[in-house]
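In my numbering, the protein residues as written are 341 to 947.
Just so it is clear, CB atoms sit at the ideal spot from N, CA and C, and this is done for glycine as well.
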Amino acid sequence: MVTGYTGKLLSVDLTQGQITEEPLNKDYAGDFVGGSGLASRYIYDMVTEKTNPLGAENPLIFITGPLTGTNAPCCGRFTVCARSPLTGFWGEANSGGVFGPTLKFAGYDGIIVTGSSPKPVYLEIVEGKAKLKDASQLWGQDCYQTQAIIKEEMQKPKASIACIGIAGENKSKIAAIINDYGRAAARTGLGAVMGSKQLKAIAVSGQARPRLAAEDTFTEAAHEAYSLLKDDMTAQMFRLGGTAIYTDIGMMYGDVPVRYYTQGDFDVSNLTGGAMKETILTGTVGCYRCPIACGRKTKLDKYAVSEADGPEYETIASLGTMLLIDDLPGIAYAGHLCNRYGLDTISTGTTIAFAVYLFEKGVLKLADTDGIELKWGDIDTVIKLIEKMAQREGFGDALADGSLSLAKRYKVEETAVHVKGLEVAMHDPRAFSGMAVTYATSPRGGCHLHSYFFMVEMGVEFPELGILASPRAKWTESSKEKAQTVARHQDWCSIYDALVMCKFANLPANLITRLLNSATGWQATPQELLKSGERIFNMKRLLNLKFGLTPEDDRLPRLLLEPLPNGGAAGNVPDIKLMLEEYYRFRAWDKATGKPVRRKLKELGLD
């Protein structure tokens, strides 16, 4: 009997219009657990260096983990994986809500989508039965409209739908996949992969529940986890103010990017969780079995929007401080538009900020921007540009494929802030230097979730795994030690992404291991689980090497290596060269090729 998993994957060939079931590969699950780890193992066998990210040959996988759909807290997430059209490297995005658990309740651990449909379709899965349905009437609809129409067609108001908007249909390389109203699997442009396959949506409904190997033990561990999260200070902060509560804390440290990473300080008093509560907040929302409920509901009277999602911290920074905008309702509306059209708010805001920066430098002219004057602090222009980006209209077409594409168009590649083609997340490595090596080595590029190391530098730690709070000091030995701790933390975050568990669930490693063991019947130790995380991280590295990665790609952009003139990180520059040298040594990656050495591959069972 399979426990923790359903034991089945759904395979969908859109070219042939065929749907089949296949058993979950238990060896793969044992080695790579689930989520993006398991997806990386499947995808490795299905791609080559010539796989076109927007071609029919690029597999797209929607995947859950062994804790998804159980009573474990904060395990309501799912992951989408493919070769990224934005970067050409590993593409991965995860989202909350209820889609992941509902996919499992519908009977499947994951869905492997291949091929490309000759016409728009959506996939419907109800109680273990799947079929492709015509989506011609949905093509051109935004993400909210699409979800509402499909639910009405299914006559199942509790169905969960993951879909693309017009940005995905137009194959914008920063297009997101939106589910459960405004939840987003946003990064690396996987909405464009759905668009290239003419797959408008996946709708799931079901009531089956995953079997557990030791239900009493699992229930005991789950109760302990809920109790710890109730008292956890970080969880309490996010419960109280949403992720926006970090805005003023981050600004104090110099962690919040301002004016396209060129300014260290900005008045964010209008952008905090408290400011949101006093102005536009109408309620809170949590994902499946989440005691934190960091999601926010807002009302935007100025824009005649009675209910909008968020905005969360990353959106406030990318569409706010990055552009010197402190208009919270305007930022919330811009984020709402990104959700409607299916755009990654981080990449969208960063790309627009880059365009304003280039306009100020004289690189962009009015003739390039459809006559629109680009300036800092202008929310109305940001809203106008989001509309144009989603439609690929005029100058919006130049913005729709992200910052690096814009930089290449105007031959200023060294100016763009990205890592491996992905816009850097809203945490400045000059504030927390461990983030420098995190960004440089993340499998998907400028990503803060393969290691949210800024939190480790502020005190979050897993001592039983050797992941200890790391001081912000710049001393040589501290930098070397930091590089090693980043590697361990990346491995542990890989386990979170495999389970799939929210990063806000700051639980002890031994408790997470108990939850997994009692769900699956495994006998893993925390150290063995950490080794699985290392295996997963290196598997993603091998995929990137297959896609053409070289050590030169493990770098930070120039602007992030220039000291800021003011703010909490003024004068600080991370010693990325020293940290990468130690990181490569600790990882056992060859400095000349970037590949894990044969000894390491054998140790991880990847030889």
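Per-residue burial, residue i [other beta carbons within 10 Å of its own, 16 or more giving buried]
i: R881; result: buried
i: S646; result: exposed
i: M573; result: exposed
i: E492; result: exposed
i: V937; result: exposed
i: W815; result: Because the pLDDT of W815 is 46, which lies under 50, any placement of that residue in the model is unreliable, and the number read from its coordinates should be weighed accordingly. Exposed is the call here.
i: E560; result: exposed
i: G945; result: exposed
i: A446; result: buried
i: T622; result: exposed
i: T638; result: buried
i: L808; result: exposed
i: E475; result: The amino acid at residue 475 is misidentified as Glu; the sequence shows Ala. Buried: at least 16 other Cβ atoms inside 10 Å.
i: T933; result: exposed
i: A363; result: A quick correction: the sequence has Pro, not Ala, at residue 363. So P363 counts as exposed.
i: E432; result: buried
i: P399; result: buried
i: T346; result: buried
Simplified DSSP state of residue i, which is helix, strand or coil
i: L847; result: coil
i: T346; result: coil
i: A765; result: coil
i: W716; result: coil
i: E821; result: helix
i: W815; result: Per-residue confidence for W815 stands at a pLDDT of 46, beneath the threshold of 50, marking its modelled position as unreliable; no derived number is given.
i: R927; result: helix
i: D571; result: helix
i: F802; result: strand
i: P936; result: strand
i: C483; result: helix
i: Y462; result: strand
i: T360; result: strand
i: I632; result: coil
i: R523; result: strand
i: R423; result: strand
i: V722; result: helix
i: E753; result: helix
i: F694; result: helix
i: C842; result: coil
i: S609; result: coil
i: E647; result: strand
i: I665; result: coil
i: C415; result: coil
i: T688; result: helix
i: I501; result: strand
i: G450; result: strand
i: T778; result: helix
Given residue i as reference, the closest of the options once Cα atoms are compared
i: T410; options: E492, H563, P363, H790; result: H563
i: R784; options: F793, F794, V764; result: V764
i: L900; options: P769, P413, Q576, G431; result: P769
i: E943; options: G774, K820, L920, R875; result: R875
i: G535; options: K459, H790, G635, L869; result: K459
i: A575; options: S858, L847, I916, G861; result: L847
i: D915; options: K935, K820, C833, A369; result: K820
i: S424; options: Y923, Y484, N365, E389; result: E389
i: V565; options: A412, M775, K348; result: Per the sequence presented here, residue 565 reads as Ala, with Val not at that position. Closest by alpha carbon: A412.
i: K724; options: E902, I518, Y628, Y673; result: Y673
i: F887; options: M841, R854, L869, K935; result: K935
C-beta contact flag for residue i and residue j at 8 Å
i: A910; j: G594; result: yes
i: F439; j: A379; result: no
i: A499; j: S545; result: yes
i: G682; j: A516; result: yes
i: G604; j: L904; result: yes
i: M766; j: P597; result: yes
i: C414; j: F844; result: yes
i: Q830; j: H790; result: yes
i: I665; j: I719; result: yes
i: L350; j: Y448; result: yes
i: V387; j: I451; result: no
i: G635; j: D649; result: yes
i: S834; j: G377; result: yes
Residue-level contact to chain B via CB, residue i, 8 Å cutoff
i: A543; result: Absent here is chain B; the protein component of the structure consists of one chain.
Handout entry: Stretch-stretch touch, CB-based, cutoff 8 Å, three pairs: the segment 414-426 with the segment 468-475
Key = no
Practice task
Decide yes or no for the touch test of the segment 580-591 against the segment 606-622: beta carbon pairs closer than 8 Å, at least 3 of them.
Solution key: yes
Problem - Any 3 or more C-beta pairs closer than 8 Å across the segment 647-658 and the segment 708-719 - result: With the cut-off at 8 Å, the segment 647-658 and the segment 708-719 do not touch.
Practice task
Spell out a yes or no on whether the segment 511-531 and the segment 741-748 are touching, meaning 3 or more CB-CB pairs, one atom from each, closer than 8 Å.
Solution key: yes
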